[in-house]
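**Q**
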Ligand code: HPA
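Residue numbers (our numbering): 1 to 263.
1. Grab me the residues of residue 119's own chain with a C-beta within less than 6 Å of its C-beta, minus the 5 sequence neighbours each way, in chain order.
2. What is the rounded straight-line gap between the Cα of residue 228 and the Cα of residue 110?
3. Quick check: the Cα distance between residue 68 and residue 257, rounded to an integer number of angstroms?
4. Go ahead and pull the three-state DSSP assignment for residue 222.
5. So is residue 245 buried or exposed if we call it buried at 16+ other beta carbons inside 10 Å?
6. Taking DSSP as the reference, what is the three-state secondary structure of residue 29?
7. By how many angstroms is the C-alpha of residue 150 removed from the C-alpha of residue 117?
8. With DSSP as the reference, label residue 56 as helix, strand or coil.
9. For the 8 Å Cβ check, are there 3 or more pairs between the segment 205-216 and the segment 86-98?
10. With DSSP as the reference, identify every bridge partner of residue 175, one or two as the case may be.
11. For residue 201, count neighbouring Cβ atoms within 10 angstroms of its own Cβ and tell me buried if that reaches 16, exposed if not.
12. Determine the direct distance from the alpha carbon of residue 21 to that of residue 1, and round the result to whole angstroms.
13. Between the segment 73-80 and the segment 45-59, do at least 3 Cβ pairs fall closer than 8 Å?
14. Report the three-state DSSP secondary structure of residue 120 (helix, strand or coil).
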């Protein structure tokens with residue numbers, strides 16, 4: 001599977017993998033691309049069913065850093081398969097990536113993180129009871145999850161945010177299955193559990209990446225207050241609208257982080 005990437009890109013060896021979440025796909029334009037490959041041409045890569053997820057692998061550089069950008073992800077809720085991202089994440093590791101930067105749109109559980117805020121994930125709560133390593137044999141499956149979100153990379157994210165003039169919070173991300181949004185009672189429970197942000201992605205990729213030996217950095221863009229925090233209903237359209245508005249700052253932050261990675 002790695003050979004496909006390496007072959008298609010003439011021996012190009014990425015150091016960082018990037019997964020672009022809802023509304024953030026346009027960051028791929030920041031990459032000086034050497035190859036762009038639709039997932040459909042990559043065996044085992046998922047078909048993406050969410051409109052804003054393009055389903056392309058973009059190989060190239062951001063400043064001095066060679067990167068492999070997954071423009072769009074598949075989620076657990078799309079087909080009820082928790083290991084949808086196993087092949088892409090392992091392909092990044094096999095192609096030479098030492099780290100992955102995961103991005104997502106999320107709901108905020110904190111009134112001091114209004115829509116448009118950015119949060120570096122420091123830890124997660126997996127509320128689904130599902131694990132992408134189900135069925136894997138051998139002791140390698142007992143993956144350590146202490147500092148799963150690499151503290152040094154998180155500092156680099158915070159430094160990049162400062163350099164990009166973007167305020168960046170730190171906090172805990174709770175993973176719900178979706179695709180229905182959470183109930184206000186579920187969000188009240190998640191607050192008791194210590195969550196700062198809620199979403200339907202990223203956690204399976206973090207587990208897969210740690211299993212594959214890559215370091216993980218992760219960034220959430222708050223697109224709404226989580227259910228029940230403020231009056232009113234939740235809508236996917238708001239996710240896309242807010243992600244679009246805030247994406248300039250996030251783009252600067254991601255660019256700074258990736259430029260500094262190989263510097
Ligand atoms: N809940 C779950 N996932 C989300 C949300 C939310 O409120 N906002 C964006 N993705």
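For every residue, glycine included, the Cβ atom is placed at its ideal position computed from N, Cα and C.
**A** By the coordinates alone:
1. 169, 171, 197 and 220
2. 12 Å
3. 14 Å
4. strand
5. exposed
6. helix
7. 21 Å
8. strand
9. yes
10. 126 and 199
11. buried
12. Bear in mind that the predicted position of residue 1 carries a pLDDT of just 48, short of 50, making it unreliable; the figure below should be weighed with that in mind. Going by the C-alpha atoms only, they are around 23 Å apart.
13. yes
14. strand
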